[in-house]
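So the protein lines, in turn, are chains A and B.
According to my numbering, numbering within the first sequence proceeds without interruption in unit steps and concludes at 510.
According to my numbering, numbering within the second sequence proceeds without interruption in unit steps and concludes at 713.
Positions of the beta carbon are idealized from the N, C-alpha and C atoms, including for glycine.
What follows is a set of notes on a single structure, which appears directly below.
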Amino acid sequence: MSAPRPITLLIAALGGEGGGVLSQWIVSAAAQAGFPVQSTSIPGVAQRTGATTYYIEILPVKMTELGGRRPVLALTPGVGDIDIAVASELLEAGRTVAGGFVTPDRTHVIASTSRFYAMDEKIAMADGRFDQERLTATIKAHAKDALLIDMGDLAKQSGSIVNAVMLGAIAASGRLPLTAEQCEAAIRADGKSVESNLRGFRAGYEAARVPVSPAKLPERKNNAPATLEALEQDVAHTIPAVARPIVLEGVRRLVPYQNIAYARLYLDRLAPIAEADEAAGVQGQLVTEVARQLALRMSYEDVVRVAQAKIAPERMRRIAREELCAKDEPYSVHDFLKPGIEELTQLLPPSLARPIQRYAERKGWLGRVYFGMEIDSTSISGYLRFLFLAKLRGIRPYGHRYVQEQEQIEAWLSLIVEAARRAPDLAREIAECARLIKGYGDTYARGLANYRSIEERVIRPALAGHIPLERAADAVMSARTAALVDPEGESLAKCLAGIEEQAPLRVAAE
Amino acid sequence: MERSFKKEVEALKLGDGDTFRGEGILAVTKALLQSGVSYVGGYQGAPVSHLLDVLVDAEDILSELGVHVETCSNEASAAAMLGASINYPLRGAVTWKSIVGTNVAADALSYLASPGMVGGAMIILGEDYGEGASVAQERSYAYALKSSMWLLDPRPDLPTIVRMVEKGFELSEASHAPVMLELRIRACHVTGEFAAKTNRRGEKSGLDKLAGPPRFDYGRLAHPPVIFNQERLKVEERLPAARAFIREHKLNETIDGDLSEVGIIVMGGLTNSVLRALERMGLADVFGALRVPVLVLNVVYPLVPEEITGFCAGKRAVLVVEEGFPDYVEQAVNVELRRVDMPTKVYGKGPLPKAGEYASDVLLEGLAAFLQAARPNGIDADTIAEKTRGLIAHKAKAATALRTLPPRPPSFCTGCPERPVFSAIKLMQREIGPTHISADIGCHSFATFAPFSLGNSILGYGMSLASAAAVGPNMERRPIAVMGDGGFWHNGLITGVASNLFNKGDGVLVVMQNGYTSATGQQYMPSSKSGRDGTAAGMNIEQTLRSMGVKWLRTVRTYGVAKMVATLKEAMRTAERGLKVIIADGECQLARQRRLRAEEAVKLERGERVARARYGVDEEICTGDHSCIRLSGCPSLTVKPSSDPLRTDPVTTVVETCVGCGLCGEVAHAAVLCPSFYRAEIVRNATAWDRALFRLRRTVIGWLGGYNSKAAA
């Protein structure tokens with residue numbers, strides 16, 4: 001039986017993005033043009049930022065030419081039967097592919113490259129983002145053709161909502177029997193936020209007609225301003241070329257963090273790593289990773305660093321410009337600090353800090369007693385407080401925390417050097433374990449404790465020969481990954497127990 | 001309410017000669033007015049919320065027609081409202097979400113169906129089944145069967161839906177039984193058009209009132225001994241009358257086809273899906289011309305035996321397309337055929353799955369399997385089946401191409417006042433250990449998703465406290481029941497609180513007081529600060545609880561996380577026995593923002609001072625651990641790539657949708673996370689004092705080398 005077929009359109013969006021309004025515009029434009037049209041949706045609790053879809057069918061034959069016949073239009077999208085799949089967000093475009101709604105024989109994909117990260121991606125303790133390249137490649141591989149543009153950005157630039165941009169891109173695709181004028185008329189007829197919606201429509205329409213390179217380049221990393229030629233020349237001499245950019249970043253970070261001598265200490269510490277790297281023949285891979293982690297470890301987060309960041313002139317300008325869009329209006333910025341006993345004693349000499357901490361521990365104050373404060377950093381007194389804290393930089397090297405950090409860094413570096421001699425891949429894994437140690441307060445304590453467990457129960461036994469070296473790098477990597485799975489540490493505990501069970505050498509040795 | 005229905009209200013005014021355009025559920029609303037209803041009621045819930053919402057906005061039309069509208073406190077009160085049609089020639093309709101609403105209404109429904117109707121009574125069921133559903137997956141069919149109520153399942157196009165509403169009232173009156181009309185989610189939201197008719201006034205209504213009750217008639221009561229006769233009436237009189245009406249008015253449709261050896265019996269609501277599947281298989285066209293004959297059951301209960309046997313006559317096999325389990329219709333078709341000794345083989349569950357929605361690929365597979373089993377003459381069943389499977393073969397591979405995509409369930413809105421309560425529960429549990437949490441129905445059930453993953457059971461709307469009754473006495477720690485104010489008034493007050501107090505129970509109840517039934521579209525409820533007519537009903541949760549005898553009661557502003565944690569700890573630890581209630585107070589942010597935005601726009605226009613706050617994260621200070629997200633889960637709190645070349649993990653960021661509720665700062669503070677959060681405030685239409693102070697600060701800080709310094713510029 002041959003007869004005209006409806007054009008099918010599946011729209012994937014998030015609750016609150018105006019997908020319902022977009023459907024209404026399309027339905028009203030199609031009805032106005034005289035085509036049989038039908039839309040359905042499944043709002044329910046899928047509203048409120050959850051994933052949802054809208055489904056539209058348009059019969060591309062005018063009602064007047066049908067001789068009174070009425071088409072039977074479907075309410076559910078057909079697997080393998082979608083002509084246009086539209087998505088306001090890249091992961092949701094991926095979901096239409098996974099559902100079987102995108103096929104190379106017919107589906108034209110119009111999707112935004114912008115990401116609205118799902119909860120599981122956001123709550124990861126390190127990087128839980130879904131692989132963007134995999135998404136893009138899969139969408140392109142399954143579609144007849146794919147128009148991938150950053151509709152989120154277009155909406156922002158045109159001061160509209162993403163649904164108007166989507167309508168523009170759909171109109172420009174030429175896949176619907178509707179003209180741009182008919183779509184614009186539908187926006188006008190709807191009568192809500194007409195101006196901004198028309199701006200969004202045109203932005204989407206233009207962007208779809210002149211497809212610029214789809215994926216925006218990953219955000220450019222701001223390189224720190226150059227400092228100290230002498231140090232930089234040193235880098236050029238002692239560090240393999242591949243690691244130089246990272247090492248230079250490290251130097252440029254540590255000079256303002258502390259001083260030139262501190263940056264030189266950084267280079268001194270890297271020298272044996274560079275040698276070990278060369279000896280192991282890993283072509284700068286080891287020194288690059290260590291240089292990155294070492295710079296981060298040496299610029300550990302303490303009250304001085306926080307104060308420096310809070311009063312950086314560039315910070316206030318960024319907030320005023322980007323976030324508040326302040327022209328000449330007065331604004332203020334309020335910061336929240338909540339140091340505990342440990343933070344407060346960080347800058348005291350060890351001889352003073354240790355007894356205080358011991359006393360606090362006896363009293364049960366550690367992890368319980370904090371001094372919360374809200375500081376208006378744009379007020380003179382607030383600014384002065386941070387300025388004072390930032391100026392404490394001078395006494396930092398005499399402080400308890402500094403001593404502690406340097407000891408830990410040295411210990412970590414010596415493990416790397418030792419491992420590099422025997423198993424370069426193990427050395428790299430140990431270097432990367434520094435990634436666990438980050439943050440403040442509880443987060444810092446948890447990360448440090450996790451690192452120590454891995455050091456005690458995997459790294460040291462491996463170096464002592466209780467775990468076969470060929471398995472050690474893998475074991476460290478899986479322990480590190482497990483440590484980043486859940487903050488409660490259940491995965492790490494399970495993983496460590498598994499590693500120990502698998503280590504017969506250790507049992508024999510004990 | 002979340003939406004204004006001004007446009008839709010206009011559509012309700014259409015008359016003869018006009019064309020109605022809109023959604024299915026609004027077409028039903030219009031059809032009710034065309035049928036001359038005297039009263040309408042119900043309880044909101046997707047996918048039928050709009051039916052009531054639009055009527056609430058349609059005050060003028062309703063008063064013109066004398067229609068009484070009641071926004072009932074739950075489905076039981078809505079069902080009981082139909083009692084008006086037991087004695088009087090009043091047509092009435094109520095609506096709710098099914099299966100859940102029908103469960104709540106069940107008691108009243110039995111007592112409605114037993115004496116039967118004088119005026120037409122109709123229940124519009126939003127059948128919340130399949131994709132997009134939020135309730136236990138069961139069929140409403142069982143209620144029709146057990147209570148002898150008729151169940152309409154119209155073909156999902158507007159003219160049929162409207163006709164079934166109109167005919168449904170006639171059917172109810174002709175057979176003296178209540179009629180249910182079920183619409184699946186997509187049918188409620190399907191758009192289309194139909195030829196409107198002028199609205200009708202009810203025979204008796206608010207405009208032409210009943211003079212008084214009829215003469216006393218014991219037979220109208222559902223009470224012994226007449227209940228025994230009523231049972232007989234249902235079977236011997238009402239059922240035959242209904243079947244006669246269905247046949248006479250051709251409520252079901254037969255579509256012929258040349259492959260007459262086989263046929264398909266389809267529930268009306270699935271008709272379009274089946275016709276589209278046949279079209280893709282090459283056995284139909286888009287205008288509904290078929291090769292396989294189809295019987296469309298717009299009335300799925302009762303079945304008309306003559307229609308079934310008539311359709312099956314001369315057929316070797318039929319397929320019953322009936323979603324969900326049990327397969328009531330398939331069983332009934334088998335019985336009818338057996339009674340007249342017809343040999344037609346009946347397929348149903350088998351080629352089609354026993355459970356789950358009949359989505360496009362499921363139907364294609366089922367129809368292909370049916371054709372291969374039945375093998376009608378005139379087509380090559382194997383070739384068609386192979387071609388059909390080819391249409392969907394890619395799906396399995398596509399599903400794995402991206403491995404596991406992160407799920408994206410609904411979550412609390414930006415700035416939601418309920419989110420901080422769960423942050424607080426998480427923090428409290430860190431200190432005193434995990435405890436049993438009985439969750440409830442409402443937005444707060446989103447706490448069962450990441451990042452909170454809180455909740456051990458959900459037993460129904462307003463049931464959380466009752467469902468913890470036997471947990472508390474058997475567990476070391478006190479259980480916590482979470483309930484919304486919607487659930488509290490729906491039945492939690494009686495089922496939970498009264499029962500707990502009556503039994504001198506213990507435990508903790510957290511009542512989310514946000515002022516609306518938010519999940520269903522922010523309808524007013526008894527303790528809302530306003531109401532349908534602009535004035536509040538005046539009921540108050542705190543006073544209610546006190547008068548019932550709750551001694552330990554605290555009202556805490558939800559955004560104060562530290563205070564909430566302390567209150568929860570106290571409730572968990574106090575030696576005082578008895579129910580401990582925490583009223584978590586914070587207005588629904590969606591409603592609040594809508595109000596505030598309008599107010600601020602007016603102020604800005606008038607040149608008045610407006611201060612606006614939003615939160616931010618200092619990228620240099622954030623180390624990318626995301627503890628803050630794990631404790632908050634706000635949609636505006638997300639991650640972005642770090643611009644620090646040394647860091648690989650993404651950092652936290654606050655996007656521009658932030659409404660400045662302050663939770664992220666509160667959480668970072670209460671949980672001692674990190675100092676990277678800040679609150680930025682901007683003043684529009686600033687006063688001279690604001691400006692002077694700002695200038696002074698900038699200048700002085702500039703001298704000190706701060707944000708206005710020349711060196712930095």
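Rounded C-alpha distance that separates residue i from residue j
i                      : j                      : result
residue 356 of chain A : residue 363 of chain A : 11 Å
residue 228 of chain A : residue 309 of chain A : 21 Å
residue 130 of chain A : residue 300 of chain A : 29 Å
residue 28 of chain A  : residue 289 of chain B : 27 Å
residue 245 of chain B : residue 76 of chain B  : 29 Å
residue 153 of chain A : residue 165 of chain A : 10 Å
residue 269 of chain B : residue 189 of chain B : 13 Å
residue 138 of chain B : residue 685 of chain B : 57 Å
residue 617 of chain B : residue 583 of chain B : 31 Å
residue 202 of chain B : residue 212 of chain B : 17 Å
residue 359 of chain B : residue 76 of chain A  : 7 Å
residue 242 of chain A : residue 272 of chain A : 17 Å
Chain-order list of residues whose beta-carbon lies under 8 Å from that of residue i (same chain, five-residue window excluded)
i                      : result
residue 333 of chain A : 316, 319, 376, 377 and 378
residue 282 of chain B : 384 and 387
residue 311 of chain A : 377, 383, 386, 387 and 390
residue 194 of chain A : 187 and 188
residue 552 of chain B : 571, 574, 576, 578, 579, 580 and 581
8 Å Cβ cutoff, residue i in contact with chain B
i                      : result
residue 27 of chain A  : yes
residue 385 of chain A : no
residue 334 of chain A : yes
residue 338 of chain A : yes
residue 434 of chain A : no
residue 73 of chain A  : yes
Neighbour list for residue i in chain A, Cβ cutoff strictly below 8 Å
i                      : result
residue 701 of chain B : 378, 380 and 383
residue 618 of chain B : 309, 310 and 315
residue 293 of chain B : Under the 8 Å cutoff, chain A gives no residues; its nearest Cβ is about 15 Å from residue 293 of chain B.
residue 490 of chain B : Within chain A, no residue comes near residue 490 of chain B; the closest Cβ sits about 17 Å away, beyond 8 Å.
Where residue i meets chain B, residues with beta-carbon distance less than 9 Å
i                      : result
residue 298 of chain A : Ordered by position in chain B, no residue passes the 9 Å Cβ test against residue 298 of chain A, which lies about 11 Å from the chain.
residue 136 of chain A : Neighbours of residue 136 of chain A on chain B: none; closest Cβ ~11 Å, over 9 Å.
Per-residue contacts from residue i into chain B (C-beta, under 7 Å)
i                     : result
residue 76 of chain A : 186, 273, 359 and 360
8 Å Cβ cutoff, residue i in contact with chain A
i                      : result
residue 405 of chain B : yes
residue 444 of chain B : no
residue 678 of chain B : yes
residue 627 of chain B : yes
residue 648 of chain B : yes
Own chain residues within Cβ distance below 7 Å of residue i, not counting five before or after
i                      : result
residue 655 of chain B : 636 and 638
residue 32 of chain B  : 40, 93 and 165
Close-in-space but distant-in-sequence residues of the same chain around residue i (CB under 6 Å, 5 per side omitted)
i                      : result
residue 21 of chain A  : 163
residue 280 of chain A : 420 and 424
residue 276 of chain A : 417 and 420
residue 39 of chain A  : 23, 27 and 56
Per-residue contacts from residue i into chain B (C-beta, under 8 Å)
i                      : result
residue 127 of chain A : 624, 648, 649 and 650
**Item:** the segment 456-473 of chain B touching the segment 426-444 of chain B, judged by at least three CB pairs closer than 8 Å
**Value:** Contact holds: three or more Cβ-Cβ distances are below 8 Å.
>> Can you confirm whether the segment 558-572 of chain B touches the segment 409-422 of chain B when touching is taken to mean that 3 or more C-beta pairs between the two stretches lie within less than 8 Å?
In response: With contact defined as three or more Cβ pairs closer than 8 Å, the segment 409-422 of chain B and the segment 558-572 of chain B are in contact.
*Three CB pairs or more closer than 8 Å across the segment 216-223 of chain B and the segment 132-146 of chain B*: Not touching, per the Cβ criterion.
Fill in: Touch test, the segment 224-241 of chain B against the segment 90-110 of chain B, Cβ-Cβ under 8 Å, three pairs minimum
Pairwise C-beta distances place the segment 224-241 of chain B out of contact with the segment 90-110 of chain B, as fewer than three of them are shorter than 8 Å.
- Report yes or no: do three or more beta-carbon pairs, one from the segment 14-31 of chain B and one from the segment 60-73 of chain B, lie closer than 8 Å? Result no; under three Cβ-Cβ pairs closer than 8 Å.
- Between the segment 18-25 of chain B and the segment 488-495 of chain A, do three or more beta carbon pairs fall short of 8 Å? They do not touch, by the three-pair rule.
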